[in-house]
Amino acid sequence: MKIYLFLLAIFISITCFCQEKNLIEIRTCFKSLEGVNEIKRLIDLSNNNLDDPVILAYNYTGKLMILDYFNNPFKKYNVFKTKTKQMDSIVSTNPKNIEIRLLRYVLQKNSPYFLKYNSDLRSDLNYIKSNLYKENENLQFYIETLLIQFNNERSSNPS
251 MKIYLFLLAI
261 FISITCFCQE
271 KNLIEIRTCF
281 KSLEGVNEIK
291 RLIDLSNNNL
301 DDPVILAYNY
311 TGKLMILDYF
321 NNPFKKYNVF
331 KTKTKQMDSI
341 VSTNPKNIEI
351 RLLRYVLQKN
361 SPYFLKYNSD
371 LRSDLNYIKS
381 NLYKENENLQ
391 FYIETLLIQF
401 NNERSSNPS
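Encoded structure:
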């Protein structure tokens with residue numbers, strides 16, 4: 251019986267380690283998105299573990315970002331509506347997850363105004379700023395870097 255518990259503990263440890271390693275790789279990829287290939291890579295990386303709400307949020311974010319490279323406006327709009335509803339659903343299921351709120355903030359910040367996907371911009375940013383100190387140092391740095399990066403991109407390239 252002890253051997254089974256020991257093996258179970260090892261399995262759980264390995265699974266957690268692999269999931270954390272995957273999340274770090276996804277964050278690194280997201281931070282350096284510059285084109286369609288990087289977005290496809292983000293989607294591929296995040297397809298590996300869609301049970302984790304944070305990774306699922308990255309997956310939806312990638313699928314929304316790749317819409318910039320679609321030609322069919324009707325398909326773009328339908329995918330946009332579906333994925334933004336799914337993203338909002340993840341946030342409502344995990345309202346205290348700062349990283350998921352950050353991803354929604356980035357999406358809303360960079361969505362064209364006429365699509366009216368911006369209703370939670372202020373509340374997400376306020377939540378992020380007021381709860382950032384609760385996160386570990388690495389995640390704090392990552393979030394601060396992304397906020398600066400996406401705010402600078404938006405101000406230099408308004409849509």
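To convert, take the position in the sequence shown, counting from 1, and add 250; that gives this note's numbering. Positions of the beta carbon are idealized from the N, C-alpha and C atoms, including for glycine.
Closer than 6 Å by C-beta to residue i: which residues in its own chain qualify, once you throw out the five before and the five after it? Chain order, please.
{"i": "Gln399", "result": "none"}
{"i": "Lys326", "result": "Leu317, Phe320"}
Can you check whether the CB of residue j is closer than 8 Å to the CB of residue i?
{"i": "Ile276", "j": "Ser296", "result": "yes"}
{"i": "Asn347", "j": "Val304", "result": "yes"}
{"i": "Leu352", "j": "Ile393", "result": "yes"}
{"i": "Tyr367", "j": "Thr343", "result": "no"}
{"i": "Glu397", "j": "Gln390", "result": "According to the sequence displayed, residue 397 carries Leu and not Glu. Result no, Cβ atoms of Leu397 and Gln390 do not sit closer than 8 Å."}
Leaving out five residues before and five after residue i in sequence, what residues of the same chain have Cβ atoms less than 8 Å from its Cβ?
{"i": "Thr395", "result": "Lys281"}
{"i": "Gln336", "result": "Tyr310"}
Looking only at its own chain, which residues have a Cβ that is under 7 Å from the Cβ of residue i, when we skip the five neighbours before and after it?
{"i": "Leu375", "result": "Tyr355"}
{"i": "Arg291", "result": "Cys279"}
{"i": "Gln269", "result": "For Gln269, the predicted model reports a pLDDT of 49, less than 50, meaning its position is unreliable; a value from the coordinates is still stated below. Within the same chain, Gln269 has close Cβ partners Asn299, Asp302."}
On the premise that residue j lies in contact with residue i, defined as a C-beta separation below 8 Å, what is that separation, rounded to the nearest angstrom?
{"i": "Ile293", "j": "Asn309", "result": "6 Å"}
{"i": "Leu306", "j": "Ile340", "result": "6 Å"}
{"i": "Leu314", "j": "Leu283", "result": "So it is not a contact: roughly 12 Å between Cβ atoms."}
{"i": "Leu365", "j": "Phe330", "result": "7 Å"}
Handout entry: Every unbroken alpha helix (DSSP H) inside the segment 319-377 [4 residues or more]
Key = 323-343, 348-360
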